[in-house]
Amino acid sequence: MQVHRCRFVDYVPESINAIEFAPSTSAYPYAAVGRANGDIELWRTKGNLVHEKTIPSMVNGSLETLTWAHQTQLTQDDLEIFDTPKERADATARLAESAPRLFSAGLNAVIVEWDLAKLVPKTAVDSYGGAVWCMATNHAQTQLAVGTEDGHIRIFDITNDSLVYKTCFNKVNSRILSVAWSHDDKTIITGSADSCVRIWDAATRIVDARMTLPKEGRDSTLVWSVIVLKNGTIVSGDSRGRVSFWNPELRVIEQEFRALGADVLCLTADEAGHTVFASGVDPKITQFKLLAGGSVADSAANSVAGKKKLNIRSKKWQLAGFRRYHTHDVRAIAVSSHLDNDLIISGGTDTQVAYCQARPFPNENPHRQPCFPPLNSVISVASEANLILQRQGNTLKLWALGKAEPASRLLADQMESGQALQVYQRQKDLLRMELKTKTNLLSSTISPSGSLIAASDAEGPKLYSVTYADDSRSTVRVRRIGEFPPPGFVPDFSESQGAVQMQFTADETRLVIATVEGFVSVVDITGWKSKQFATIRRHCGHRTTESEVETDAGSSDVPTHPGLARHQAAVAVETRTITSMAVSKDGEYVATSDSTGSIIVSQISGAQQVVVPQLGQGEKSEWPTALAFDEQSRLVIPTSLNHLYVFDVAENAFTEWSQRHSLADIPHTYNMMADCVGGVATNPEEPDCVYAYSASHITRVDLTLPPGPKRAVLNVHKRKQIEHEIIAKVVEEKEEADRRSEKQAKRKRKQSVGAQINGHAVMDVDREPDTLSIGDKAEAAANGDDDDVDADEPYKGKDWESTVIARLREAGINAESPHNFRMTQRYQNLMHASFIDKNTMVVIERPWIDVAATLPSAYHRHKYGA
Amino acid sequence: MAGKTSAALAVVPSTPSKTKRAKNQAETVSMDVDVQDSATVSSPRRRKSKKAKKPVENTDPMLNDEAYRAVELKQVSGGTLTHEAIVFSSDSTLFFLAKDNAVAVYNVENAEMVQSIAGDRKQGDQAATIHAIVADPDQSRRGVYTFSADCRARLWDADTGRLIGEWRLPGGVAVYAVADPLRSNAFYCAMRQAPVKNQKPISDKTKYAVTRLTLSEDGSVQTEPLFKMSGTVGLCVRGDSQWVAAYAKFRVVLAQVRGSGQVVQHSWRMTERVSALAFHPGEPVLAVGDWRGRIMFWHCVDAQLLGSQPTSDRRVTRNAHHWHAHCVNTVAFAESGTTMLSGGEEGVLVLWQLVTGARAFVPRLGSDVMGVAISPDQAHYAVTLRDNTVKILAAATRGLVASLQGLTFADSSQPRLARALQPNQFTTGLVVHPTTHHVVLNGEPGHLQVYSALSDRHVVSVEVASFNRTGGNQSRQPHVDLVQYSSDGAWMATVDSRSNAECYLKFWNLDPATQKYRLATRIDAPHGGVSALAFQPPRAGHPLLCVTTGRADACFRVWALQTRGTDHHFWTCRSTARYRDQFPRAVAFSADGSTLAVAFGGAVTLWDPETCLAPAAVLVASAQTPALSGLAFVGESSYLAAWSSTRLDMWNLLTGSVWWTLAMPLLAVTVHPRIPLLAVAALQAPNAGPLDTSLLLLSPESPNPLVALPHPAGVEALAFVPSSSTKRSNHHSAAKQLADPLDHNMLVVLTPTGLLNVYGAADNEHKEAAVSKASSAVAMSSAAFANIFGKSKATPAAVSSVAANAHVRQAMRLVRSAVQSAYVNAPYHVLPPVSALYDQFVTAQMHPTTPDTLATSTSEEDAEDTVMADTDIKEESTVAVTSRPATVDDLWSEANPDFIQSICSGFQAKTS
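In structure tokens:
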């Protein structure tokens, strides 16, 4: 089997500028990660941190700050409207149930509220003050404070789903870099570029106090970050690398720490205000804890007087630990104390999202997510034409795979041993096209023959034909097919037509498009050369709310809503997006899943739809991270808990394998992988097997075999190594035993001879004859014992093979029954893996070292002795 | 037997006059004892010697003692100061350290010794080892508590040295002790159950019980066990006396002591080895220093945080203070809690300003910081260094106030009680500087330390080879192998090597202006390692010579001083010589510099140092002589001492014969540079322990020691320190010398524990007595010899060949036989032809004998193992006759080299 191991894909990730957890009140387990180009990634924080979807930004957008809002209390106006307690309770309940709102702002002077389901801006307003550096929602979740380039704080009203400019504070003669609300919302604290921390009265809009930080050198200190803790303590982080804790009443620094070697860019605190994390240009995440301290003066008096007791206990901040998770500047840290798993997420210029548990910090090792979006792969492969299409921002890149001498080896051998093949034709960079779209691309796909490319931004899908001038593909012509989105592929009432998933059928007759509004449309593209397109079918399985069903009923198509019976929380519905899609090889079915976890399999040619039963229950609820049909058109569903379901569409039931083996049977190593499966590849040669891959492993699962022992060693390389070691050891033992028995025989012979000699030649021996004989006897006795054990073994026929097998079993390797879930971790930062032919796999990696080479230089740290 | 009576110091029953004692107090450690004590002490020894000696007792035992009195232990210098932090008195004017079973009291301002409190000596001859000292918290007196190996706690007045109180500890030995900060008579101690012998090192597995002791006024002791640990290395108590912490290797135990004896114990296992522990005086913080150089602040001293149940796994918030790159040896807090002091291998005292995180440094302290103590008035810091130094720094200026340095070679990093000179690391021996009479010996790696043994003061440290102090691996450090001075002190020659690969011979010239030695010539790889080094005494009209012997290349080289211009001096190799591919191991010049003696294997070769063409003579005592390790011309006499580890041969070069032989396990030999006097340190019995040693002072004329002293502390090296008044003209008569060998001279003995024991002539009254008995001194001394070793039956090989005292006639007969044996034993190719020897040999054999003497000779042979000392009673001629066949027989029985046998039988055939 041949593996195309590709490392030429040059996906350059954007640096992370902001990370915010959704408010704890909203029961919405997401964290928003804002990238520098404006893309916002939404990560699920339940269980493993899993990337779910990306909200595309404007082309060349900017993002400096993100904030969530989730209003739970009625405002004064609301109270006037809803005057009965019943109405008020209902309104409050409605508020609490609604989805949280996400705002972003950046240097392009626009504040945007995003639609989390449709992945488009909901509202956008001008900041009225130039670039926005910071933004904060007040604790009542009714106002946004925005700090801008021109030195004003502006307040935006966000009640009733609005985003309206409200008022402006006095001007400061420098940009406002950070802003925070006090817990009672009566004051606003800002940090600005003129080395000042200011306390503003939110009502009168004038400065209450100006607290100046010392300068280092001539440049004024930049207060990059300010937060307010629950007890009112103001914490500021500045360009000197210091973290200062301010007394809110006296407005003086209570404690100051030289936390970092360079600028402190971000601060965050847990909800109780007992732990503060800081990081910045020096990519060291530093933890501060509020701990009991003693009174110094008191204790001095105490030991002199010799009688008094230590009495007064004050609390003091202590630098309680630090850890370096990143190689470059850390721009954002977020701590969730409301989640049951208590995460710290951090990110910055090195583009990786790192997370770990907050409580054992700094002893916990972090998990790092790959720099590219691990799910909803940015790579698509034209299996017949051996082309690779990569999407980044608003550009598409196309490569042709290289060719190598064919090898006739089995896949397993290839995976385990690896053999470099002679490459006679290297990969070729065919095409780089920048699409004229308003937003970054949402999805892209290439047809198996490579002649069609479909790409979509938030506005709608586009289709391109690719023609190659000659066989060597030296010139490539790309033409947009103008009539492509056929008019009926979404109903007329649809506001956004952006496609989150698109896929060609294997025979290139159909293109399946999943839109942001939950429609799965099948478009006939057989007549693409003559620009003839027709929408064959529109499935509405993911549109399950009553209002949606009503709307759909008005349209002419076949609005089947099989998932209608599902009772879904309002939050889930409001933010529901189709996250993955798979088309079966025979072009019969399309399976789609959305972020609520529902999976619907629809017929491409017919109107039939099947709803896959819900995966997991309650606490163990899972959602699919990818979907794929295997060679026998069974739907393979890897989930967020690293489980693997197989659903037989024709039977409308999970397969026997899937029913028999629950999550508890999945091997531990596979189950505990930190990154979730991002895709499944199938080999036409091995119809019973699927290859599930994530960024760090490829695992071959044989669906005819049981999952194997729970504690098995899955990594084939590691297993081989262990096997070799054990076998070598047993062989050594065997040889040793052989040698010993041989020696034993010799010694016996010698002893009989030696006894004779002893009888005559006692004089030659130093020892007394008595002791000698006693010693000899003892020795002989000892040897005799050995004999019984060792000498008998060969005669008993000690089964060395069974010894090996037993030891292997102890080590987690079952030699008798073949292992399932065979894993290889040879490929790291794996972007994509799929089969382009029988026994021919394409593996696309993006090694971190290549990404790091594209990043700006990092903070230089002196090392001792280097 | 003899070794078991560990009568070390009290053997000298001297009562110094009060004035003398008062004079000595300021500068010397006086180890004198009261008369009453000594009577009881010396009695068992005398009883034993009587029992052993009874059949041949021919001298008055009282006279024996008089002989002993001629030499006595004058003082003990050097020694290990401390490897932990020192202890300040509660009024901060004094500091204490446990030095060699005594508490030395020093003044803080000038580090001068004020008082030496030798522990209780009623129990035995030696004071019990002091394990812990604690300053008396009671500020009304300047007291010090000691906890010693005899399970006792004692309270002493530091000013007068008076014992104030004594308590017997029921629980065992308190090895570490810390005062309870709240109660002046309570202590937290790590107790070891059974009292163990002093020399037994504390291993990591020793079990301890950390206990609270309360010593009441009425002498009763109340113990309160808190928790148990194995291998406790450190203990600290918080200011509120509620919290006690201890560490051992990777374990830290924190115990909360509540009222009514309730103890809650928390134990943690660390990933890094713990090396220091201290409580913050104010905040609930325990500072833990580890081997990685971090000082972790544990915010754990909080009952609410830890709970009332014993815990071990509770997470504790920790933050690190990390500057040290190597192990943090000590952490201390100033009382205000704002400053922390730490030190480690870097030799830098780090002062941490805890509030701001700023650090200040006192760098270049010279060696690893082992301990830091802060005086109670916060005015002084005392830094204990690994090179046996205590430095007192002023807290305000961080400037050096006073410094106290012991022998740097006595490495204080060794675990307490197990400190001993490292084997193979002490190679220079004790070298006495010819003009200043200071002792020169190995210092820290690559250094020589010049030390005044008499005033117990470090003089200077000479850096012979430089090296990187920190972070280096031990084997890469240079080592000074040898040092010698020319007889006028103008030149110093050193040999230093590094991991036995690099080797340098360096010649240093004394700069008269600065009185410092400056490197004049460096010779790289003079041999493959140098085994011995000697300067020629200056000869008029000849350039100064120096001889080195190679350890690996089997030759010796003569180096000559060349002078170009007025003051450009350098050394060049003048000649190289070898002898039969034997390895030279020792070298010596005669006093006038005209003869060079080099020991090749068991043979002593004599050379003309100017030519070195061929050996002028080869002296071989017997074929069995082991490879010689030392050679020395005795004073300005014609005697040459050659010794190996098992025997010492005294050659008379006038006769070319072995004058006498001492066959006993020798530890060290030294020769006085001018007076014909040598000192030998020997094991008391061939299979005795390394500490059962005795010192013999010998005259080259006789193997009977002038003085024999038991020295139960072991011997590493010996040296005579001439007093500055001794001049050549001051050469006393032989009788006077014999009576008082150490008049105006001191014998310095370095023990394995790094002590310098200084022996000198006894005080006047005894000396007079000794002089009056001078005539009988020889006879007495032989008895004294027997006294030490018991009857010769017990040690039959002790004296194999003995010559009588200064009766020349008899000696000459012995010489004759010795000459023969020399001829017989010498390698045949160096012998003159047999024809040339024949006449002489036959003359010797044809000595007239009478039937009478033959009869006695047979009886002598039957009683061969009788005491040799008795031979001088016999008639002279008898000895002469009997000694010859004995020699031949010895040869035969010892080994039978065929050719010797044939030669001898041939001779015998001829003579008969």
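Chains A and B are the protein sequences, given in the same order.
Note that my numbering has the first sequence beginning at 326, numbered continuously upward.
Note that my numbering has the second sequence beginning at 24, numbered continuously upward.
Glycine residues also receive a C-beta, built at the ideal position from the N, C-alpha and C atoms.
Contacts with chain B (Cβ-Cβ distance below 8 Å) from the region 639 to 651 of chain A involve Lys641, Gln643, Leu644, Ala645, Gly646, listed in chain order.
DSSP, reduced to helix, strand and coil, places Lys910 (chain A) outside both helices and strands of the structure shown, so it counts as coil.
Counting only Cβ-Cβ distances below 9 Å, Arg567 (chain A) has no contacts in chain B at all, with the closest Cβ about 10 Å away. Annotated three-state conformation of Trp1173 (chain A) is helix, per DSSP.
DSSP places Thr492 (chain A) within a strand segment (E or B) once states are collapsed to three. Note that the C-beta distance between Ile153 (chain B) and Ser171 (chain B) is below 9 Å. For the region 329 to 360 of chain B, the set of positions with a beta-carbon nearer than 9 Å to some beta-carbon of chain A reads Arg338, Thr340, Arg341, Asn342, Ala343, Ala348, Glu358, Ser359, Gly360 in chain order. Taking a Cβ-Cβ threshold of 8 Å, the residues of chain A close to Gly380 (chain B) are Phe582, Arg583, in chain order. If you keep only unbroken alpha helix (DSSP H) runs of at least 4 residues inside the region 946 to 1000 of chain A, you get 981 to 985, 993 to 996. With 16 or more other Cβ atoms from the protein chains shown falling within 10 Å of its own Cβ, Ala664 (chain B) counts as buried. At least 9 Å separates the CB of Pro1032 (chain A) from every CB of chain B.
For Tyr231 (chain B), the beta-bridge partners assigned by DSSP are B:Met252.
When the five nearest sequence neighbours on each side are left out, the beta carbons in the same chain lying within less than 7 Å of the beta carbon of Val1026 (chain A) are those of Leu969, Cys1014, Val1015, Ala1017, Asn1145, Phe1146, in order along the chain.
Under the Cβ criterion (8 Å, minimum of three pairs), the region 100 to 111 of chain B counts as touching the region 769 to 778 of chain B. Taking the CA atoms as reference points, Pro728 (chain B) sits about 20 Å from Leu714 (chain B). The shortest C-alpha to C-alpha distance from Ala505 (chain A) to any of A:Trp525, A:Asp832, A:Ala779 is the one to A:Trp525. Counting along the chain, no alpha helix (DSSP H) covers Leu773 (chain B); the unbroken beta strand (DSSP E) around it starts and ends at 768 to 773. Two segments are said to touch when three or more pairs of C-beta atoms, one from each, lie closer than 8 Å; by this definition the region 655 to 662 of chain B touches the region 671 to 680 of chain B. In this structure, Thr595 (chain B) lies away from Gln605 (chain B), with their beta-carbon atoms at least 9 Å apart. DSSP places Thr484 (chain A) within a helical segment (H, G or I) once states are collapsed to three. For Asp402 (chain A), the secondary structure class from DSSP, reduced to helix, strand or coil, is helix. In the three-state reduction of the DSSP assignment, Val1056 (chain A) falls in the helix class.
Within its own chain, the residues whose Cβ lies closer than 8 Å to the Cβ of Lys1163 (chain A), once the five positions on either side in sequence are excluded, are Asn1008, Pro1009, Glu1010, listed in chain order. Every unbroken stretch of the alpha helix (DSSP H) spanning 4 or more residues and falling wholly within the region 308 to 383 of chain B is given here in chain order: 326 to 329. Using a Cβ-Cβ cut-off of 9 Å, Gln327 (chain B) counts as an interface residue toward chain A, since at least one Cβ of chain A sits closer than that to its own.
CA-CA distance, Gly363 (chain A) to Ser569 (chain A), rounds to 31 Å. Between Ser846 (chain A) and Arg868 (chain A) a beta carbon distance of about 12 Å is seen, past the 8 Å cut, so the two are scored as non-contacting. DSSP places Val841 (chain A) in no beta strand (DSSP E); its state is neither H nor E. Taking all protein chains in view, the Cβ of Ala637 (chain B) is surrounded by fewer than 16 other Cβ atoms within 10 Å, so the residue is classified as exposed.
Burial state of Phe697 (chain A) is buried, judged by a 10 Å Cβ sphere holding 16 or more other Cβ atoms. Glu412 (chain A) and Asp402 (chain A) have their alpha carbons spaced roughly 14 Å apart. Closer than 9 Å to the CB of Pro685 (chain A) there is at least one CB belonging to chain B. Of all C-beta pairs linking the region 472 to 486 of chain B to the region 413 to 424 of chain B, fewer than three are shorter than 8 Å, placing the two stretches out of contact. Of the residues assessed, Met997 (chain A) falls on the exposed side of the cut-off, its CB having fewer than 16 other CB atoms within 10 angstroms.
Nearest to Val450 (chain A) by C-alpha distance, out of A:Ala434, A:Ala657, A:Tyr1152, is A:Ala434.
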